[in-house]
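The numbers in UniProt numbering rise by one with no breaks, and the one at position 57 of the sequence shown is 57.
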Amino acid sequence: MSIKYKVNTPVSAEQFIELLQESTLGERRPIDDRDCMEGVVKNSNLMVSAWDGEKLIGIARSMTDFHYACYLSDLAVHKKYQKIGVGKKLQIITQEQLGPKCRLILVAAPAANSYYEHIGFTNNKRCWVLEPPVEGKNKMAQRFGVQRCKKILSL
Ligand SMILES: CC(C)(COP(=O)(O)OP(=O)(O)OC[C@H]1O[C@@H](n2cnc3c(N)ncnc32)[C@H](O)[C@@H]1OP(=O)(O)O)[C@@H](O)C(=O)NCCC(=O)NCCS
Numbered sequence: 001m002s003i004k005y006k007v008n009t010p011v012s013a014e015q016f017i018e019l020l021q022e023s024t025l026g027e028r029r030p031i032d033d034r035d036c037m038e039g040v041v042k043n044s045n046l047m048v049s050a051w052d053g054e055k056l057i058g059i060a061r062s063m064t065d066f067h068y069a070c071y072l073s074d075l076a077v078h079k080k081y082q083k084i085g086v087g088k089k090l091q092i093i094t095q096e097q098l099g100p101k102c103r104l105i106l107v108a109a110p111a112a113n114s115y116y117e118h119i120g121f122t123n124n125k126r127c128w129v130l131e132p133p134v135e136g137k138n139k140m141a142q143r144f145g146v147q148r149c150k151k152i153l154s155l
């Protein structure tokens, strides 16, 4: 089997969605939201992909400044190609594109939690996620009160 790896080669929303489905990551991503999926592939600035001929079989999709932080948002390998080193290779190539002080950061899917420890990531209990606003209201403002929030954000 000859797998080719490419950096920032175009990937369509359809190809991306199909891979998410075939890897099982689709269960945890808004694959039915077309706008979102198109925005996702269009606005990533580091996308390493794995191909078997014309077929997309793996992806590492990141947003990065290339110097300090690289957020690896989606790592997915087609079910038929898992556990043969594709995921690891996608991350190695991702890292090769980054400066020497740049770290990879991600939120693991539950099934992949032990995977990252296995390949050398360290767990950080101080990693925090702010969910998007609900019905046009800012959750931070809802929780802390608008005045306090304005103060925190120096508005
Ligand atoms: C998680 C995933 C990206 C791993 O990719 P992969 O190509 O199958 O993994 P690799 O072949 O690079 O595995 C490297 C090593 O990790 C091990 N490994 C693979 N999946 C693992 C898992 N889920 N848990 C623990 N270890 C795992 C492999 O056995 C291998 O071990 P070795 O180096 O000792 O031989 C892939 O299985 C996948 O797409 N899963 C579904 C989607 C998902 O959960 N993505 C992660 C989102 S955060």
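Ideal placement from N, C-alpha and C gives every residue a C-beta, glycine not left out.
Bear in mind the structure is a predicted one, so any value in this text is a computation, not a measurement.
Inset, instruction - Could you pull out every residue in the same chain whose Cβ sits closer than 6 Å to the Cβ of L155, ignoring the five residues on either side in sequence? - result: Here residue 155 refers to the residue found at position 155 of the sequence shown. Only weak support exists for where L155 lies, its pLDDT of 43 falling under 50; the value from the coordinates is given anyway. Cβ within range, chain order: n/a, list empty.
Inset, instruction - Could you tell me the boundaries of the alpha helix (DSSP H) in which Y115 lies? - result: Position 115 of the sequence shown holds residue 115. Note, Y115: alpha helix (DSSP H), N113 to H118.
Inset, instruction - Using only the heavy atoms of ligand 1, determine whether one of them is closer than 7 Å to the beta carbon of L25. - result: What you label residue 25 is simply residue 25 of the sequence shown in a count that begins at 1. Yes, ligand 1 has a heavy atom inside 7 Å of this Cβ.
Inset, instruction - Could you tell me whether the Cβ atoms of K89 and S23 are closer together than 8 Å? - result: Taking the first residue of the sequence shown as position 1, residue 89 is located at position 89. Taking the first residue of the sequence shown as position 1, residue 23 is located at position 23. No, the pair does not count as a contact, with Cβ atoms beyond the cut-off.
Legend entry - Euclidean distance between Cα positions of Y5 and M63: Position 5 of the sequence shown holds residue 5. Position 63 of the sequence shown holds residue 63. Y5 and M63: Cα-Cα distance of roughly 18 Å.
Inset, instruction - Check whether the Cβ of K80 sits closer than 7 Å to any heavy atom of ligand 1, and report yes or no. - result: Against the sequence shown, residue 80 aligns to sequence position 80. K80: no, Cβ never under 7 Å from ligand 1.
Legend entry - Extent of the continuous alpha helix (DSSP H) to which M37 belongs: Within the sequence shown, the letter at position 37 stands for residue 37. M37 -> alpha helix (DSSP H) spans R34 to N43.
Legend entry - Proximity below 8 Å, CB of I3 to CB of W51: If you number the sequence shown from 1, residue 3 lands on position 3. If you number the sequence shown from 1, residue 51 lands on position 51. Going by C-beta atoms, I3 is nearer than 8 Å to W51.
Inset, instruction - Count the other C-beta atoms from every protein chain shown that fall within 10 angstroms of the C-beta of residue 156, then say buried if there are 16 or more, exposed otherwise. - result: Residue 156 lies beyond the stretch modelled for the chain, which goes from 1 to 155, so this question has no answer here.
Inset, instruction - Out of I92, E27, E96 and V11, point me to the one whose CA is closest to V41's CA. - result: Taking the first residue of the sequence shown as position 1, residue 41 is located at position 41. Closest by alpha carbon: V11.
Legend entry - DSSP state of A13 mapped onto helix, strand, coil: On the sequence shown, position 13 is the one that residue 13 refers to. In the structure shown, A13 sits in a helix (DSSP, three-state: H, G or I).
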